[in-house]
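S.K.: Which chain is which? The protein sequence lines are A and B, in order.
The first sequence begins at 400 in this note's numbering and counts up by one.
The second sequence begins at 290 in this note's numbering and counts up by one.
In this text, a Cβ means the ideal position worked out from N, Cα and C, and glycines have one as well.
Here it is: the structure, laid out below.
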Amino acid sequence: GDSVTQMEGPVTLSEEAFLTINCTYTATGYPSLFWYVQYPGEGLQLLLKATKADDKGSNKGFEATYRKETTSFHLEKGSVQVSDSAVYFCALNRQAGTALIFGKGTTLSVSS
Amino acid sequence: GAVVSQHPSRVICKSGTSVKIECRSLDFQATTMFWYRQFPKKSLMLMATSNEGSKATYEQGVEKDKFLINHASLTLSTLTVTSAHPEDSSFYICSASKTTGSSYEQYFGPGTRLTVT
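Printed below as a string of C-alpha cells:
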C-alpha cells in the first residue's frame, strides 16, 4: 500500500542553519505531496504542496521539490529561525476525496 | 481561507462516560471529513472517513461501536467516544476536504485533547 517515510529526528539546529528533512514515498500513480507543520499544542497547518512531478512547493522560506525519479519530497530551508521549532509531517494523497497518508513526523528544535 | 474548528479543545472525563467532539468547517462546505488520532510519538492514525449523509467508513482495527461518527450536514461531523477508558486518552484531530476546481486540499482542526481518568 501507499506509504510515506521521513527521518524521525529530532533535528536540532542553531538559528540560521540550513535545514533538510528527508521524505520518500511509495505510491502507485502520481500522488499529490504535502508538508504540514504542527506547533506545540496545535493542529496541523499546510506548509506547502506539489501536485505533479518537478513541481516545487514553497512557503515561508521552506521549499520542497516533487522528484518522481527518486520518489522524494525533501523539505529544505536555507536559514531556520527559533520560531520554526515544530513537528513537520510529510504526506501524500493519491486521490481527491481520500485521506492523507502521513509520515511519522520529524521534530525540529532550533536554538538561538 | 478555509477554517476548521473543533470543540472542545480539551476534555477530561471519567472512565465509562461518553464524550462528543465536534468538527466544523466554518467557511466552506465539506462533503468529506476525516478523523485522526495522534499518538504520543506523533504519528497520525486515520480512524475513519465521514461522508455527509452516509455511514462513516472505518479503518481496520477501529471499533465503530466505540467511536461513533455522524456527519449530519456539510459543515459538521461529530465523533463520540462511548464508554471511554484511559487507553482512549489521546489527541483527536479532524480534517475537512475542500475541492475548488482542480485543486484539492484538506484543512485540519486544532485538535481535541481527551483525557480519561
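1) From the DSSP secondary-structure annotation, give me the bridge partner or partners of residue 387/B.
2) Using only CA atoms, which one of 429/A, 497/A and 414/A lies nearest to residue 481/A?
3) Since residue 308/B contacts residue 369/B with CB under 8 Å, what's their CB separation in whole angstroms?
4) For residue 294/B and residue 420/A, I'd like the C-alpha separation in whole angstroms.
5) Where does residue 482/A fall in DSSP's three states?
6) Which residue wins for smallest C-alpha separation from residue 501/A, given the options 417/A, 410/A, 418/A and 437/A?
7) Cα-Cα, which of 359/B, 365/B, 345/B and 336/B is closest to residue 351/B?
8) Where residue 429/A and residue 396/B are concerned, what is the direct C-alpha to C-alpha distance, given to the nearest angstrom?
9) What residues from chain B crowd round residue 426/A, counting only those whose CB sits closer than 7 Å?
M.R.: Here's the rundown:
1) In DSSP, residue 387/B forms a bridge with 394/B.
2) The option with the nearest alpha carbon to residue 481/A is 414/A.
3) About 7 Å separates the two Cβ atoms, so the contact holds.
4) 29 Å
5) helix
6) Ranking the options by Cα distance to residue 501/A, first place goes to 437/A.
7) 336/B
8) 21 Å
9) Within chain B, no residue comes near residue 426/A; the closest Cβ sits about 15 Å away, beyond 7 Å.
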